[in-house]
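Structure, as structure tokens:
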Amino acid sequence: MTFMSAELKSLFTKLNPVCHKAFEFAADLCVVQGYYTIEIEHLLQKLLDQSDTDMQVILRQYEISIPKLKWELARAAEKCQRGNDRTLSLAPATLTLLREAWLMTSLQFDCHLIRSGAILLAILEQESLREEAIKRCPSLLKIPRESLQQEWHKLIKQSGETQPLAQDTKNSDDKDDQADSTHKTPISAIEHYTIDLTHQLRSKPNEPVVGRESEIRQIIDILTRQSQNNLILTGDIGVGKSTTLEGVALKMAKGEVPPSLQNVSVRVLNKGLISYGVKGTEKIIEQISQELTVSIKPMIWFIDDIQTLIAGNTPLNEIIYLLKPALERRTLRVIIATEREPKALEKEAALLRQFQVIRINEPSEATAIKMLRHRVSHLEKHHQVRLTNEAVSEAVRLSHRYLSKQRLPEKAISVLDAACAKVSLAQNGSTPPKLEVTLQHIADLQAEWRILQREQTMGHVHKRRLEQLMAELKQLESQKMQLEERWQIERDFVSKIRQLEASLVSPQKKTKKDIQPAEDNRLSHDNSPLPQAPLPQPGKDNTVIAKQVADNNPLSKAEKTTPLSPSNAD
């Protein structure tokens, strides 16, 4: 045990500030949540919470969805055992990861501090760690190992982890002293608890925010003022307060703003770190405020859904009062998004003068349709399906009509995303529900038949039941063959329609005039072999939309069974 403690201490001194910080906050998370050990997923969660790291650069390079990866890690962490009230320990897999990362760092890359890129590469290279990654976060397996090995040096040059790649030869004592002194450097609250939104938008292509042009111009106008240049964005959940602010940050990233806002960064409070158990919300808010006040680089602080910071401990009014001194000195610019205007401002005339309140209203159906049209390409690329203009319109119209407790455009986006997922699942190899039930029924009866057959060889009499089982199995096998045959016909049907659509939209391929009219007509209108088809049919997207809305509609069952779309063909 003494050797293990010494080894751990030595490995921790080899971590660079980014990885060391991630381990510290992973330990905080495990203590607060009552986990017994620090698992790899806890460490990766905290590494992903930090911006401008090797890991972030690598994930962006290979187009790995960071939100999806975070979701996979959170789901894996939920399966870890809880209830610990003793000393926290390191999981064996995490210790293996540290060892492998250090070997790569020192031998392969000639560095003396472990970077987050080395941790990621170790997970992909070491077989036992790779097998665990397949189970816990399969998104990582999309990263090609050979390509990452070749591009590693090039990629990490784009990272904010400033540890040089190669170092002059030093003795181990010097390295440990340097690592220890590095770890004693105070961690900036701005860097740890906020995300540089403008930097993120500048480093990747983004489409402009549509439907909020008026609000964006109004926000930019207020931010350029010398006084009263702080904002409160109010509006119901789902109307797009954060998206509107993102539109402002995007214009700043592109330089499409007045000179006074050039080179200004928007820092977004990362509430995930606070909500996961970091103590002293007031202290964190105050520390960030102080650092922003003295920052050489101009920054605007965005606190989204400020009411979620309360957590039963910190009244919202107190958070506002923490910002009051800096606001009155005009050394801090802040944008707050909330459902309602904080009551603290109603009693504080001096504080109220520092803020301008902008109401973000729910968009009209016509505006929401425009917003969704700009999301179509992303949804089509993600789900590998085709979306029609009618599907977009129906998602807005039906969600607005039936999902009254939610707001546009979020509810329409959610409905459209869910409908795309269902279509993609059905058209890309997922077994139809009816066939799946039949297969499971066959497996259940076969299991019973095997047990009864074994008992009969031992003298028990099950002749009648065995005959019943054989008859049922024969009937189910016939049903299974019919369903599989119909499923294959439908898949061929969908494949042909996709080919025809591809030939129509591609300028280098056949035009509509080149397609045989009889074939075109047959595929477009002949649904006779497909009664109650389990595969959603192309061109009938609005039917799937209607079903998705009906599934989420808090109406009576009678109303739910009523077709919500006139083109419902099922």
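For the sequence shown, my numbering assigns the number 598 to the initial residue and increments by one for each residue that follows. Note that beta-carbon positions come from the ideal geometry of N, C-alpha and C, so glycine has one too.
Given a cut-off of 8 angstroms on the beta-carbon distance, is the pair T634 and L687 in contact?
As a first step, residue 634 is located in the sequence shown; it is residue number 37 there, counting from the start. As a first step, residue 687 is located in the sequence shown; it is residue number 90 there, counting from the start. Yes, these two residues count as a Cβ contact at 8 angstroms.
Would you list the one or two residues that DSSP bridges to N827?
The residue labelled residue 827 in the question sits at position 230 within the sequence shown. F952.
Give the DSSP-derived three-state secondary structure of Y633 in the structure shown.
Translated into positions along the sequence shown, residue 633 becomes position 36. Y633: coil per DSSP, three-state reduction.
First and last residue of the beta strand (DSSP E) that includes R672?
Working through the sequence shown from its first residue, we reach residue 672 at position 75. It is not in any beta strand (DSSP E) - R672 instead sits in the alpha helix (DSSP H) that spans 663-675.
For the candidate residues D818, N826, M849, whose alpha-carbon lies nearest to that of P805?
By one-based count along the sequence shown, residue 805 stands at place 208. It is M849.
Just how far apart, CA to CA, sit L726 and L694?
The count along the sequence shown starts at 1 and reaches residue 726 at position 129. The count along the sequence shown starts at 1 and reaches residue 694 at position 97. Going by the C-alpha atoms only, they are around 7 angstroms apart.
Option in L644, I829, L1000, L641 with minimal Cα separation from T935:
Indexing the sequence shown from 1 puts residue 935 at position 338. Measuring from the Cα of T935, the nearest candidate turns out to be I829.
Could you tell me how far apart the beta carbons of V1012 and S996 are, in whole angstroms, since I believe they sit closer than 8 angstroms?
On the sequence shown, position 415 is the one that residue 1012 refers to. On the sequence shown, position 399 is the one that residue 996 refers to. Indeed, because the Cβ distance is near 5 angstroms, the residues count as touching under 8 angstroms.
For W749, count neighbouring Cβ atoms within 10 angstroms of its own Cβ and tell me buried if that reaches 16, exposed if not.
The residue you call residue 749 lines up with position 152 of the sequence shown. When all chains shown are included, W749 counts as buried.
Taking only the alpha-carbon atoms, compute the straight-line gap between Q678 and C627 and give it to the nearest angstrom.
Here the question's residue 678 lines up with position 81 in the sequence shown. Here the question's residue 627 lines up with position 30 in the sequence shown. Cα to Cα, Q678 sits roughly 11 angstroms from C627.
Presumed contact (8 angstroms Cβ cut-off) between E888 and S785, rounded CB distance:
For the purposes of this step, residue 888 is identified with residue 291 of the sequence shown, where counting begins at 1. For the purposes of this step, residue 785 is identified with residue 188 of the sequence shown, where counting begins at 1. That pair is a contact at about 6 angstroms.
Close beta carbons around P895, own chain, < 6 angstroms, minus the five adjacent residues each side:
One-based indexing of the sequence shown puts residue 895 at position 298. Hits under 6 angstroms: V861.
Contact check, R956 vs G832 under 8 angstroms by CB: the rounded distance?
Against the sequence shown, residue 956 aligns to sequence position 359. Against the sequence shown, residue 832 aligns to sequence position 235. The Cβ separation is near 6 angstroms, so the contact holds.
Given this structure, state the Cα-to-Cα distance separating E669 from D646, to the nearest angstrom.
By 1-based counting over the sequence shown, the position of residue 669 is 72. By 1-based counting over the sequence shown, the position of residue 646 is 49. Using only the alpha carbons, I get a separation of about 14 angstroms.
Is DSSP giving A934 helix, strand or coil here?
Stepping through the sequence shown from its first residue, residue 934 is reached at position 337. Three-state DSSP puts A934 in a strand.
Indicate the three-state DSSP secondary structure (helix, strand or coil) for V993 in the structure shown.
In the sequence shown, residue 993 corresponds to position 396, counting from 1. Reduced to three states, the DSSP call for V993 is helix.
For I1010 and L969, which I take to be in contact (beta-carbon distance under 8 angstroms), what is that distance rounded to the nearest angstrom?
The count along the sequence shown starts at 1 and reaches residue 1010 at position 413. The count along the sequence shown starts at 1 and reaches residue 969 at position 372. Correct: roughly 7 angstroms between the Cβ atoms.
Which residue spans inside the segment 695-739 form an unbroken alpha helix (DSSP H) run of at least 4?
713-722, 724-733
Quick check on DSSP: helix, strand or coil for V845?
Within the sequence shown, the letter at position 248 stands for residue 845. Of the three classes helix, strand and coil, the one that applies to V845 here is helix, per DSSP.
When you compare each of L1032, I813, I834 to L1080 by their alpha carbons, which one comes out closest?
For the purposes of this step, residue 1080 is identified with residue 483 of the sequence shown, where counting begins at 1. That would be L1032, whose Cα lies nearest to the Cα of L1080.
State the DSSP-derived secondary structure class of R809, mapped to helix, strand or coil.
Translated into positions along the sequence shown, residue 809 becomes position 212. If DSSP states are grouped into helix, strand and coil, R809 belongs with coil.
Return the first residue and the last residue of the alpha helix (DSSP H) that L685 is part of.
On the sequence shown, position 88 is the one that residue 685 refers to. Per DSSP, L685 belongs to no alpha helix (DSSP H) and is neither H nor E.
Could you compute how far the alpha carbon of Q653 sits from the alpha carbon of E743?
To locate residue 653, count along the sequence shown from 1; it is residue 56. To locate residue 743, count along the sequence shown from 1; it is residue 146. Their Cα atoms are separated by approximately 19 angstroms.
Which residues in the same chain have their Cβ closer than 8 angstroms to the Cβ of Q1043, if we skip the five residues on either side of it in sequence?
Counting from 1 along the sequence shown, the entry for residue 1043 is found at position 446. Here the set comprises L1070.
Rounded to whole angstroms, how far is the Cβ of E810 from the Cβ of D651, which I believe are closer than 8 angstroms?
Taking the first residue of the sequence shown as position 1, residue 810 is located at position 213. Taking the first residue of the sequence shown as position 1, residue 651 is located at position 54. Not really, about 37 angstroms apart at Cβ, beyond 8 angstroms.
Which residues mark the beginning and the end of the beta strand (DSSP E) in which I897 is found?
To locate residue 897, count along the sequence shown from 1; it is residue 300. Residues 896-900.
Exposed or buried, T890, counting other C-beta atoms within 10 Å across all chains shown (16 or more means buried)?
For the purposes of this step, residue 890 is taken as residue 293 along the sequence shown, with counting starting at 1. T890 should be labelled exposed.
With which residues is T791 paired in a DSSP beta bridge?
By one-based count along the sequence shown, residue 791 stands at place 194. In the DSSP output, where bridge partners are listed per residue, T791 has L866.
Do you know offhand how far R1047's Cα is from T1054's?
Counting from 1 along the sequence shown, the entry for residue 1047 is found at position 450. Counting from 1 along the sequence shown, the entry for residue 1054 is found at position 457. Distance between the alpha carbons of R1047 and T1054 is about 11 angstroms.
Which of helix, strand or coil does DSSP assign to L929?
One-based indexing of the sequence shown puts residue 929 at position 332. The answer is coil: DSSP assigns L929 none of H, G, I, E or B.
Thinking just about the alpha-carbon of each residue, which of R1088, Q755, W699 is nearest to the one in Q797?
Locating residue 797 in the sequence shown gives position 200, counting from the first residue. It is Q755 whose Cα lies nearest to the Cα of Q797.
Assuming contact is defined by CB atoms lying nearer than 8 angstroms, are I897 and L949 in contact in what I supplied?
Residue mapping note: residue 897 aligns to position 300 of the sequence shown, counting from 1. Residue mapping note: residue 949 aligns to position 352 of the sequence shown, counting from 1. No. Outside cutoff.
Would you kindly work out how many angstroms separate the C-alpha atoms of L666 and E638, rounded to a whole number?
The count along the sequence shown starts at 1 and reaches residue 666 at position 69. The count along the sequence shown starts at 1 and reaches residue 638 at position 41. C-alpha separation (whole angstroms): 10 angstroms.
Name the residue from I817, R822, V836, E788 whose alpha carbon lies nearest to the alpha carbon of L866.
Along the sequence shown, one-based indexing puts residue 866 at 269. The shortest C-alpha separation from L866 is found at E788.
Residue burial classification, Q704 (beta-carbon count within 10 angstroms, cutoff 16)
The sequence position of residue 704 within the sequence shown is 107, counting from 1. Checking the displayed sequence, the identity of residue 704 turns out to be Leu instead of Gln. So L704 ends up on the exposed side.
Proximity to L692 [Cα-Cα], best of Y659, L640, L929, R1062
What you label residue 692 is simply residue 95 of the sequence shown in a count that begins at 1. The candidate whose alpha carbon is nearest that of L692 is L640.
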